[in-house]
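Chains as they are written, first to last, in my numbering: chain A, 188 to 630; chain B, 188 to 630; chain C, 188 to 630. Even glycine gets a Cβ: it sits at the ideal position worked out from N, Cα and C.
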Amino acid sequence: MILDRLTRDLYAEICRIPLIDPHSHIDPRRSAARNLDDLLGYHYYTELAHSAGMSKELLGDVPPHPQPLSPPGARGDLHVSPRERVRAILEHMDRFDNTVQHSWFQEIARTFLGFRGERVTDQDCDALFDAAERVFGQANWEEQVLKKSNVEKIFLTNDFDEPLEGFDTKRYVPCLRTDDLVFHLDKPATRERLAKATGIDATDCARLRQAVGKLFEHFANKNAKACAISLPPNFVPHPVEDEALSACLSKLHEQQDDGASKAQCSAGVFWMLAEFCRDCRLPFDLMIGVNRRVYRDGVHQGQDLFDQRTSLIQYAELFNAFPEVTFPISVLTSVQNQELVSYSWIFPNVVTNGHWWYSNIPDFIERDARARLQAVPKTKQIGYYSDAYKLEFILPKYNMYRRILAKILADDFVRPGVFAERQALELGRLLLRENAMRVFSVE
Amino acid sequence: MILDRLTRDLYAEICRIPLIDPHSHIDPRRSAARNLDDLLGYHYYTELAHSAGMSKELLGDVPPHPQPLSPPGARGDLHVSPRERVRAILEHMDRFDNTVQHSWFQEIARTFLGFRGERVTDQDCDALFDAAERVFGQANWEEQVLKKSNVEKIFLTNDFDEPLEGFDTKRYVPCLRTDDLVFHLDKPATRERLAKATGIDATDCARLRQAVGKLFEHFANKNAKACAISLPPNFVPHPVEDEALSACLSKLHEQQDDGASKAQCSAGVFWMLAEFCRDCRLPFDLMIGVNRRVYRDGVHQGQDLFDQRTSLIQYAELFNAFPEVTFPISVLTSVQNQELVSYSWIFPNVVTNGHWWYSNIPDFIERDARARLQAVPKTKQIGYYSDAYKLEFILPKYNMYRRILAKILADDFVRPGVFAERQALELGRLLLRENAMRVFSVE
Amino acid sequence: MILDRLTRDLYAEICRIPLIDPHSHIDPRRSAARNLDDLLGYHYYTELAHSAGMSKELLGDVPPHPQPLSPPGARGDLHVSPRERVRAILEHMDRFDNTVQHSWFQEIARTFLGFRGERVTDQDCDALFDAAERVFGQANWEEQVLKKSNVEKIFLTNDFDEPLEGFDTKRYVPCLRTDDLVFHLDKPATRERLAKATGIDATDCARLRQAVGKLFEHFANKNAKACAISLPPNFVPHPVEDEALSACLSKLHEQQDDGASKAQCSAGVFWMLAEFCRDCRLPFDLMIGVNRRVYRDGVHQGQDLFDQRTSLIQYAELFNAFPEVTFPISVLTSVQNQELVSYSWIFPNVVTNGHWWYSNIPDFIERDARARLQAVPKTKQIGYYSDAYKLEFILPKYNMYRRILAKILADDFVRPGVFAERQALELGRLLLRENAMRVFSVE
């Protein structure tokens, strides 16, 4: 509910801009939810419920050997039915009904499931679960959600060995996610996947380059528009000589990693990816600042945190070395936003990208977006991405952002006379659509 | 003065919630002020006056050998009378009458001393001093202040060797403060105090464990509800093997500290305290980020500052190792608030705690509280504590917090339709009372 | 445009306070702009245009060997005329017309050049360029700008070997800038300049002290009121023994720098400067946090960025060692503002100073100024400085600050009843004028 008229008008107009969502975890073959468990199984709900006191066993979420990067949806299932899992979360929801994550669910229930009560409680479990099965089971549900959400294109997060087949890559735009290549090449399983995907056993630098080249070729052929990676706070990119990289790869293959080899290998592969981004004219999305598995007994995907002590100065050599590559940058903390503002203001190839994860809450979004709008060229800002696993989350998350954007446009631009309303809406259009189209070369 | 009606109504209602104040430095046998010097001797006033140009000599505050953790109230007295000390501070107060700390005193003068002027100046010194002697001298003054402040329980900060006798531990709840044990066991005086308090000479790990066990037993018997410690920004908890800890203790006893032994000993004792918290089911209050004696010539208690470069990642192993222990966390800087928000959102045993010291000013409180309310389960937030040395400060400090809280509840919850007023007030009740009661198991 | 009446009134009154601008890069012999290129050649415009996609060649800005500290205005000129350079920037300006830097230019065009359109576009290039030549060519233009900007004194940034002659040092107050002495004494050119300016070949510590003493004497004779330096984030001041400093100087002179010598030399010279500040009773302006030449191919003066991981704890020894020296501190990031607030609140000799460079945008100014006003004695805050290269920028930059200041005074002081309007204006007077006069001893 927006009380101020100008802001409300701007919001209404902004909502009419068809979205380009430049980062999500949507599975294009199961893009919409099939039941309520698909929504409340989202890690935001499981981790908040668990943090507020819910046992993980109620989720069936006790994998014997949790993997740092297990595929979305993977959960050790101790015979907990979807309905019971939903009930468990709803029973704990009143402990976190103050949070913005809760408000997303509330908006989904209202918009898509016809919920009319003041707020969802565990009393609503069966009625909502049944409503969801009915509604989500409609043949054209995916189309309905996309239309209601006014989203035109959605970028995916694809493992390097995905076939990228069986879906419309104009709507669901592939994106090569490279965490495994950079940080898990020491694992035989990763190397086997790479070998299987490319037919090349990447035992030295030359062969690795050949293999990675095949991946880029494959992705480019499938309309991929970005390469992406998430990075720990202490990562410092630097080039590695071919010979040195070969030596490290050899050590990894012989399982003789001494830690240093793995780190050196990460640096070398990362730099190689930047070279391919340059040669294939792909932007390289950097999502900076996450430490994996900090809370080791956390729920699936609810284990990662961070160290605020990180700096974009770590990336200065990269930005200098690849002037032809555009780097859309996500930072995990609002603390680092001023660095992002300043680096985007100075480096032509650095672009601000969305409001990521722990910074994707209204207070941080407002501060961060406001500073960016005051000091970064408007053509260099990608306003927002949903990071969603299911289509239904695009609407409430973007609405949260659009409300804030409307407020900033009203308070900082229209009212002080900096922009007329028309110009403010053009700025909104850049942030929500046109900058993403230009930066990622989508039409 | 709150101009907006909804906020004013919420504030009025919030003020009716009886407070649990979960952290103070109140001396339960001299809880209320006896004269104006007891109030203006608070380090906030002496340090601001000194920073603004007042010589320390006017305070009589030139101890020949200042101690890092000397007891509250200890000041080298160069024959400066309480009235003259008050006069000196009042004479410099117009240099910092813009500060929120000044507004606390102004509110005390108005609420408790009948001051009616526009603002206190040095002209008011004698009248106020006399009024204070008269008012504070009333037989039931302590009861009057408690009633007017609407505070039910106040947590103390007790040295490990305090007898904890002569006061009502249901009202003044003991709390075991452990800075000395963790950081000053290298000092013979600390070891002697420990030996005297427990009858055990803690020359090795086993004996130390026995001694600390006695302290916990003593405190538990006296209704203690928390263990607490303040920590420097570079502290990284980790377990220490018994044998290694014994070796370090031995070196300390033999005065052969090589620096490393002291640090190792700190880590080992800290970890041992966490084990006792687990076994005795006591929350462990961590107050993170303070460097002691940075400004070495500062006034008493006005010497400590910080290094913003610290991270909760340093505590990840602790939080993982002690899932049964609740850690109410105070961070010294607003910069670290996003870490606190995120760690509390993920770790079930991490709870946000108040607005500490250099972050206890309205701008930081508002930012920090807003982010917490948007992303941390509402049951995991302890809204505020007074940190007061005298009862009279509870009222103005809590009023400052309650005004901000009322504003956030109005702007972020009630007006946008997230919560009805009733629900917003229930949230206020959790923050000001119920979460503290549940987390610290007080009835 | 300020919509709220109280704020507007406060703003109007604040604007009547004659300014002391305590930091600029004005050349007193060419203080006002001569043409539009002098304004749009300001690095804020060239770097934003370049960041938004403009080739540096359009600026004629491709110096073959860019120097880290080349004098203002030095640009490799590839035969690009001032008018064409202006046109190039205006053609790219619609890419950054959202920024506050753009709004400064817009305000200059409106105030000084009679521009009446909605916003400046490349269509206005010739008309504006011609208007500027006409207006700026008036004989008394400098006086007109000073009067319209209501500025009384402007501090300069003077290289150590400047003669400081040919201008009114009461109006344009000299300030000894010492970056070269501290960070570039390894360069023969710097040593030659020092030798030439002082007649002393500073080959050892004693001779260096003699030479620096001559510089201070010269500057003091020319009415200099401050010593100033910008410092990288990792700089940690500490004293260096005379003998050790001599050894380092000797290595630098013999071109046998091993890195360590240079760093040691920087520390030693910096400490020596603090000693001279003490002896000559000059404040020492520290501008903390900039890394030079991070974006190596950036436009002139558009190459510097930072590492947010820095702390004022690095300066604790300095503040302790020189209680007689006032240190007006600028921090490059808003992240570090809480440290600045806290250190100024505790250390008598630490004073907050303006809103520097990457923090000189409204959102950061508002946050930073608000926190300072809530917790730092009002006599210890220097509100703002222009950092301008041309007089015309003083007005729009100060107006930006004054609007924010008026808003904070209205919202945080007058409306809540903390200050009457009269007192709020007195506070404004301290921030804009009187504190600078007192701290820097100007009359």
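Give a yes or no on whether the C-beta atoms belonging to residue i and residue j are separated by under 8 Å.
i: L582 (chain C); j: A219 (chain C); result: no
i: T286 (chain B); j: G489 (chain B); result: no
i: A607 (chain B); j: L596 (chain B); result: no
i: H212 (chain A); j: T344 (chain A); result: yes
i: N222 (chain C); j: A318 (chain C); result: no
i: D367 (chain C); j: T377 (chain C); result: yes
i: C312 (chain B); j: L277 (chain B); result: yes
i: Q495 (chain A); j: S531 (chain B); result: no
i: N337 (chain A); j: P205 (chain A); result: yes
i: F283 (chain B); j: L315 (chain B); result: no
i: V563 (chain C); j: T539 (chain C); result: yes
i: F354 (chain A); j: R216 (chain A); result: yes
i: L432 (chain A); j: G446 (chain A); result: no
Can you give me the Cβ contacts of residue i inside the same chain, cut-off strictly under 8 Å, excluding the 5 residues immediately before and after it?
i: E428 (chain A); result: none
i: F580 (chain C); result: L226, Y229, W291, I295, S573
i: V629 (chain A); result: I207, K340, V360, K412, A623
i: D444 (chain B); result: D373, K438
i: R625 (chain A); result: T566
i: R272 (chain A); result: D224, L227, G228, L245, L246, G247
i: N410 (chain C); result: T356, K357, V360, P361
Only counting the same chain, and skipping five residues up and downstream in sequence, which positions put a Cβ closer than 7 Å to that of residue i?
i: S453 (chain B); result: V369, F370
i: R176 (chain C); result: Here chain C has residues from 188 to 630 only, and residue 176 (chain C) is not among them.
i: S448 (chain C); result: C435, K438, L439
i: E504 (chain C); result: P424, H425
i: I591 (chain C); result: P549, I552, E553, A556
Where does residue i fall in DSSP's three states?
i: E352 (chain A); result: coil
i: S257 (chain A); result: Confidence in S257 (chain A) is poor, its pLDDT being 48 and thus under 50, which makes the residue's placement too unreliable to answer from.
i: P515 (chain B); result: strand
i: N507 (chain C); result: helix
i: Y494 (chain C); result: Residue identity differs from the one stated: residue 494 (chain C) is Asp in this sequence, not Tyr. Reduced to three states, the DSSP call for D494 (chain C) is coil.
i: T233 (chain C); result: helix
i: I213 (chain C); result: coil
i: D208 (chain A); result: strand
i: E305 (chain C); result: coil
i: T286 (chain C); result: coil
Could you pull out every residue in the same chain whose Cβ sits closer than 6 Å to the Cβ of residue i, ignoring the five residues on either side in sequence?
i: F600 (chain A); result: F606, A611
i: L197 (chain A); result: A593, L596, A597
i: F323 (chain A); result: A220, R221
i: H279 (chain A); result: A236, A239, M241
i: T385 (chain A); result: A398, K401
Closer than 8 Å, CB to CB, is residue i near chain E or not?
i: V605 (chain B); result: In the structure shown, chain E cannot be found, because the protein chains are A, B and C.
Self-check item: Every unbroken beta strand (DSSP E) within the region 591-630 of chain C, with a cutoff of 3 residues, ordered by chain
Solution: With a minimum length of 3 residues, no continuous beta strand (DSSP E) run stays inside the region 591-630 of chain C.
Exercise. Determine contact between the region 237-249 of chain B and the region 551-567 of chain C, defined as no fewer than three beta-carbon pairs at a distance below 8 Å.
Key: With a cut-off of 8 Å, the region 551-567 of chain C and the region 237-249 of chain B count as touching, because enough Cβ pairs lie within range.
Exercise. Would you be able to state if there are at least three C-beta pairs under 8 Å between the region 415-422 of chain C and the region 465-477 of chain C?
Key: Because the criterion of three Cβ pairs below 8 Å is met, the region 465-477 of chain C and the region 415-422 of chain C touch.
Quiz item: For the 8 Å Cβ check, are there 3 or more pairs between the region 539-557 of chain C and the region 295-315 of chain C?
Solution: The region 539-557 of chain C, when compared against the region 295-315 of chain C, does not touch it at the 8 Å Cβ threshold.
Practice problem: Taking 8 Å as the threshold, find out whether the region 524-536 of chain C comes into contact with the region 502-520 of chain A through three or more Cβ pairs. | Solution: No, they do not touch.
Practice problem: Taking 8 Å as the threshold, find out whether the region 334-342 of chain A comes into contact with the region 199-211 of chain A through three or more Cβ pairs. | Solution: As far as the Cβ criterion goes, the region 334-342 of chain A touches the region 199-211 of chain A, which means the pair count is three or higher.
Exercise. Quick one: which unbroken alpha helix (DSSP H) runs of 4-plus residues sit fully inside the region 345-432 of chain B? Chain order, please.
Key: Within the region 345-432 of chain B, the runs of alpha helix (DSSP H) at least 4 residues long that lie entirely inside it are, in chain order, 366-370, 375-385, 392-408.
Quiz prompt | Runs of alpha helix (DSSP H) lying entirely within the region 440-482 of chain A, each at least 4 residues, in chain order | solution = Listed in chain order, the complete alpha helix (DSSP H) runs (minimum 4 residues) inside the region 440-482 of chain A are 447-467.
Quiz item: At what residue ranges does the region 543-593 of chain C contain a whole run of the beta strand (DSSP E), taking only runs of 3 or more?
Solution: The qualifying runs do not exist here; there are none.
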